[in-house]
Amino acid sequence: MLADYGFALLFITIGAVFAGITLLVAWLLRPDRPSPEKLTTYECGEDPVGSAWIQYNNRFYVIALMFLIFEVEVVLLFPWATVFQSMGWYAFWAMVVFVSLIFVGFLYELGKGDLEWDKPQPVVPRYVDGVGVVTPDWQDPSLAAGANGHTNGNGAPVAAEAAPSSESDAAGTESDANKTEPPK
């Protein structure tokens, strides 16, 4: 039994040793003279503009993975279609289950919103009071810029009731109306 695979094992071993020796000799003989030109990113002979390290949107990866999943499905469907008549109903129902599982996964991704290109930004509340979630000031229409003319120290609009009512409040101390309670 081992003799049957002996030649294959011999060729694999010789190939691995030859590749290792070739890489070792190339590493020993190569010149090691780094220069700024060699360390720049290659852009088809042109000087690079900006940084080569850019961050891709993760949605590209989701779309690529979905493509790969459905491509594998198509690759598995072609051989099944050629032998479908000889396999009978068992092969049909096996493929129905397979395609259904892939379709359920697709619906899950669609439901999560991973296939939508423009996702809405999540709403994060500032704090929670005893009754419910308080709307963040950047979403409150009563705090629209110029609605009442009051702004905080950073120039952000504040509601009229939250505006400083005295010189001590304007100096940095908070009145009871301006204090926010931490989440419970």
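Take the sequence shown: its letters are residues 11 to 194, numbered as in our numbering.
We put the beta carbon where it would ideally sit given N, CA and C, even for glycine.
The beta-carbon distance between L125 and E119, rounded to whole angstroms, is 6 Å. This is short enough to meet the 8 Å contact definition.
Under the DSSP assignment, I79 falls in the alpha helix (DSSP H) whose first and last residues are 68-92.
Straight through space, the alpha carbons of I24 and D14 are spaced by roughly 17 Å. In this structure, DSSP gives E53 an extended state, which the three-state scheme calls strand. Non-local C-beta neighbours of E83 in its own chain, meaning closer than 6 Å and more than five positions away in sequence, comprise I112, ordered along the chain. Taking the Cα positions, F28 is about 37 Å away from L86. Per DSSP, I112 is one residue of the alpha helix (DSSP H) stretching across 99-122.
Excluding its 5 nearest sequence neighbours in each direction, A101 has C-beta neighbours in its own chain below 8 Å: W90, V93, F94, listed in chain order.
With a beta-carbon spacing of about 15 Å, P44 and T51 fall beyond the 8 Å limit used to define contacts. For V59, the secondary structure class from DSSP, reduced to helix, strand or coil, is coil.
When DSSP states are grouped into helix, strand and coil, L33 belongs to the helix group.
A distance below 9 Å separates the beta carbons of R69 and W127. One Cα belongs to Y66, the other to V114, and the distance between them is close to 27 Å.
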